[in-house]
Amino acid sequence: MIQNLRHKTCSTLNLNHVSNIIGIINHYLHHQTFTTNFSSSSLTQNISQTNFLIALHVRRGDPVSAWILFHSLHRAHADVDAYTFTSVLRACTLLHISQLGTQVHAQMVKTGADSGTVAKTSLVDMYSKCGSLDEAVKVFDEMGQRDVVAWNALLSCFLRCDLPVEAVGVLRAMGRENVERSEFTLCSALKSCASLKALELGRQVHGLVVCMGRDMVVLSTALIDFYSSVGCVDDALKVFCSLKGWKDDMMYNSLVSGCVRNRRYGEAFRVMGLVRPNAVALTSALVGCSENLDLWAGKQMHSVAVRQGFTRETQLCNALLDMYAKCGKVSLAQSLFDGICEKDVISWTCMIDAYGRNGRGREAVLLFQEMRKEGGKVLPNSVTFLSVLSACGHSGLVEEGEKCFKLLREKYGLEPDPEHYACYIDILGRAGNIEGVWSAYHNMVEHGTRPTAGIWVALLNACSLNQDVERGELAAKHLLQLEPNKSSYVVLVSNFYAAIGRWDRVDELRSIMRTKGLVKEAGNSWINVLGLNQHARSLSV
DNA sequence: CTAGGGTTAG
């Protein structure tokens with residue numbers, strides 16, 4: 017069992033695994049069935065040798081052994097030092113269990129090993145990687161001396177939590193405190209600029225990268241990602257081409273992903289032709305195939321994946337399955353799904369969505385039940401629930417939809433997002449249950465969720481269908497207040513007034529649209545005939 | 001001993 021555990025990666029761990037791991041570790045420690053090549057006395061006498069061993073386990077990706085070794089040191093009352101703790105903290109990070117990290121932190125405080133800059137930096141890193149942002153910031157604030165590594169750790173901390181504004185704040189603070197920037201700093205700066213879409217700031221950082229002139233492969237990758245994120249693929253290509261010498265896989269992958277994100281599929285495929293594509297590049301490229309509904313190209317990717325032996329890569333298989341589903345090939349998607357050995361939550365969600373979007377709501381619900389029966393191995397998340405709810409909506413499965421919505425909060429402790437409410441309201445509205453619609457709305461408000469435009473749209477549609485004039489007008493008013501300039505919403509409201517026969521309001525809204533210069537957007541649909549993309553535009557009045 | 005780049009679902 018412990019052998020299996022050692023091969024678990026942190027991404028596949030969930031809460032059940034956490035308690036399993038702790039239980040198994042305790043079991044082994046209690047029965048002392050774990051043996052090492054070192055006798056217990058040599059373990060405690062030669063601490064630097066043991067530190068090396070712990071670090072070795074961590075480096076080999078075996079945090080469980082590292083932890084067990086550390087625990088036996090602790091039981092033997094050995095004098096551990098800061099080096100021991102930093103390695104063990106990395107083991108906690110790999111296990112993704114902040115409870116273990118907190119235990120280590122407590123021991124560090126007790127022995128005074130927590131005072132150094134390096135120790136504190138390890139703590140910041142551990143807390144942030146285990147998802148405890150507050151604790152990480154607290155440790156950073158307690159630091160007396162902060163070197164550039166400590167600052168960089170804090171930067172990554174905010175970036176990991178998707179807080180780029182705070183990250184830029186850290187960068188400014190580093191400037192104020194005259195901390196010298198390292199390559200790591202610039203890397204994080206580029207990531208911040210990418211997520212903030214801050215083109216000018218990013219260009220300035222590019223200048224600093226050029227001045228630094230070191231570690232160009234990593235920084236070039238970050239630059240490519242930045243330029244792609246702000247829509248400047250040509251600049252990304254320039255960075256790629258201007259780098260002479262060795263380019264690694266990640267750099268190619270970054271460019272492929274950038275081209276795909278900017279719908280430059282031809283270039284993406286050309287870049288993939290430069291080297292033997294790896295699983296990540298193929299995954300990126302498949303997104304392009306899905307978006308284009310390009311089944312032909314998708315099949316090419318599939319055959320490359322098979323030839324390269326990537327059939328056990330869950331993420332790649334998920335992308336393939338999704339591509340087939342989006343192209344309407346449900347049975348191909350299904351056979352791919354069946355072949356995935358380690359299905360994760362995305363595999364299940366994609367397959368449920370595949371059924372749902374192709375009008376097979378019953379099968380979507382059945383698969384969801386199967387997923388839940390798997391004994392909690394893979395837990396559904398909010399996206400899974402959204403897929404099930406929307407499948408129920410498309411197929412008119414009212415009871416199933418109601419059951420699913422109940423499960424979300426009561427069984428899985430998830431708080432519904434506005435999108436879940438909108439889907440649910442839609443289901444109830446189509447079923448003619450207008451009182452249910454409004455009680456769902458009140459339920460949402462009571463739970464402190466603010467109605468979004470999507471909620472008002474769902475309510476308005478329900479009111480149109482059920483001739484709920486009074487409350488429909490309320491929804492219409494809120495929607496226009498929230499998004500006064502979005503023509504599709506004005507059209508929706510106007511359709512509502514048409515549905516209840518208020519033609520005076522319809523005319524009024526038409527003239528509002530004219531004076532504001534709002535034009536009804538064209539409806540787009542993609543069809544793919546014989547591998548040729550034809551973009552069919554339909555302009556309806 | 002501590003910090004950095006690329007991938008999948010709505």
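Residue numbers (the working numbering): 17 to 557.
C-beta: ideal position from N, C-alpha, C; glycine also.
Could you check how far apart the C-beta atoms of residue i and residue j are, in whole angstroms? I think they sit under 8 angstroms.
i	j	result
leucine 302	leucine 336	6 angstroms
proline 180	serine 211	4 angstroms
alanine 321	threonine 330	Wrong, their Cβ atoms sit about 12 angstroms apart, outside the cutoff.
tyrosine 99	asparagine 62	Between asparagine 62 and tyrosine 99 the Cβ distance is about 13 angstroms, and since that is not below 8 angstroms, they are no contact.
aspartate 241	glycine 218	With a Cβ gap of about 10 angstroms, aspartate 241 and glycine 218 do not count as contacting.
alanine 438	alanine 474	4 angstroms
alanine 407	alanine 380	4 angstroms
glycine 445	leucine 490	About 15 angstroms separates the two Cβ atoms, so there is no contact after all.
serine 114	glycine 147	7 angstroms
valine 296	asparagine 269	5 angstroms
leucine 298	methionine 267	Incorrect: roughly 16 angstroms between the Cβ atoms, too far for contact.
glycine 582	proline 434	Because the chain is modelled from 17 through 557, residue 582 falls outside the range shown and cannot be assessed.
threonine 109	aspartate 141	7 angstroms
cysteine 203	valine 246	Between valine 246 and cysteine 203 the Cβ distance is about 16 angstroms, and since that is not below 8 angstroms, they are no contact.
valine 186	phenylalanine 174	6 angstroms
phenylalanine 101	alanine 129	5 angstroms
leucine 424	phenylalanine 401	5 angstroms
leucine 534	asparagine 511	Rounded, the Cβ-Cβ distance is 15 angstroms, inconsistent with contact.
leucine 89	histidine 73	Not a contact, Cβ separation roughly 13 angstroms.
aspartate 442	glycine 412	The Cβ separation is near 11 angstroms, so there is no contact.
alanine 135	serine 103	Actually they do not touch by this definition, with Cβ atoms about 11 angstroms apart.
aspartate 506	methionine 529	The sequence shown places valine at residue 506, not aspartate. Right, the Cβ-Cβ distance comes to about 6 angstroms (below 8 angstroms), so this counts as a contact.
phenylalanine 421	leucine 405	7 angstroms
Quick check on this structure: which residue in the options has the alpha carbon closest to the alpha carbon of residue i?
i	options	result
serine 403	Ser411, Asn374 and Asp369	Asp369
glutamate 196	Cys209, Val165 and Ala183	Val165
asparagine 194	Val506, Arg162 and Arg176	Arg162
serine 319	Ser204, Leu352 and Leu309	Leu352
glycine 464	Arg526, Glu431 and Asn449	Glu431
aspartate 360	Leu382, Lys393 and Leu348	Lys393
leucine 171	Lys136, Glu151, Lys207 and Arg192	Lys207
glutamine 483	Ala189, Ala456, Arg518 and Trp262	Arg518
cysteine 343	Ile362, Glu283, Lys315 and Lys213	Lys315
serine 244	Glu283, Gly261, Asp265 and Lys260	Glu283
leucine 578	Cys305, Leu271 and Glu307	The displayed coordinates of the chain run from 17 to 557. Any statement about residue 578 would go beyond what the structure contains.
cysteine 479	Ala492, Ile528 and Gln385	Ala492
methionine 387	Ser363, Asn374 and Gly377	Ser363
isoleucine 450	Gly429, Lys419, Pro467 and Glu486	Glu486
glutamate 390	Cys420, Ser306, Glu358 and Gly375	Glu358
arginine 279	Lys260, Ala313, Asn459 and Glu307	Glu307
tyrosine 281	Ala313, Tyr371 and His494	Ala313
lysine 345	Leu332, Asp97, Tyr371 and Lys126	Tyr371
serine 81	Val184, Leu111, Val96 and Leu495	Leu111
glutamate 418	Pro396, Tyr428, Val399 and Ala456	Ala456
glycine 169	Gly191, Ala341 and Thr201	The sequence as given places alanine at residue 169; glycine does not occur at that position. With distances taken between Cα atoms, alanine 169 lies closest to Thr201.
Ranges of the alpha helix (DSSP H) found wholly within the stretch 60–94, counting only runs of at least 4: DSSP runs (the alpha helix (DSSP H)) wholly in the stretch 60–94: 63–75 and 79–91.
Contained alpha helix (DSSP H) runs [length at least 4] in the stretch 423–487, N- to C-terminal order:
For the stretch 423–487, the full-length alpha helix (DSSP H) segments reaching 4 residues or more read 434–446, 450–462 and 469–482 along the chain.
Ordered list of alpha helix (DSSP H) runs contained in the stretch 336–384, each at least 4 residues:
Annotation note: the stretch 336–384 contains the following uninterrupted alpha helix (DSSP H) runs of length 4 or greater, listed N- to C-terminal: 346–355 and 361–373.
inquiry  = Please give the ranges of any alpha helix (DSSP H) in the stretch 157–195, keeping only runs that are unbroken, at least 4 residues long and fully inside the region.
reply    = Considered as a whole, the stretch 157–195 harbours 164–176 and 180–192 as its complete alpha helix (DSSP H) runs of no fewer than 4 residues, in chain order.
**Asked** Quick check: the stretch 223–233 against the stretch 245–252, are there 3 or more CB pairs under 8 angstroms?
**Response** With the rule of 3 Cβ pairs closer than 8 angstroms, the stretch 223–233 does not count as touching the stretch 245–252.
What ranges does the beta strand (DSSP E) occupy inside the stretch 199–267, keeping only unbroken runs of at least 3 residues that lie completely in it? Fully enclosed beta strand (DSSP E) runs of 3 or longer: not present.
Could you tell me which whole alpha helix (DSSP H) segments of length 4 or greater appear in the stretch 273–338?
Counting whole runs of 4 or more residues, the stretch 273–338 contains the alpha helix (DSSP H) stretches 281–290, 295–308 and 311–323.
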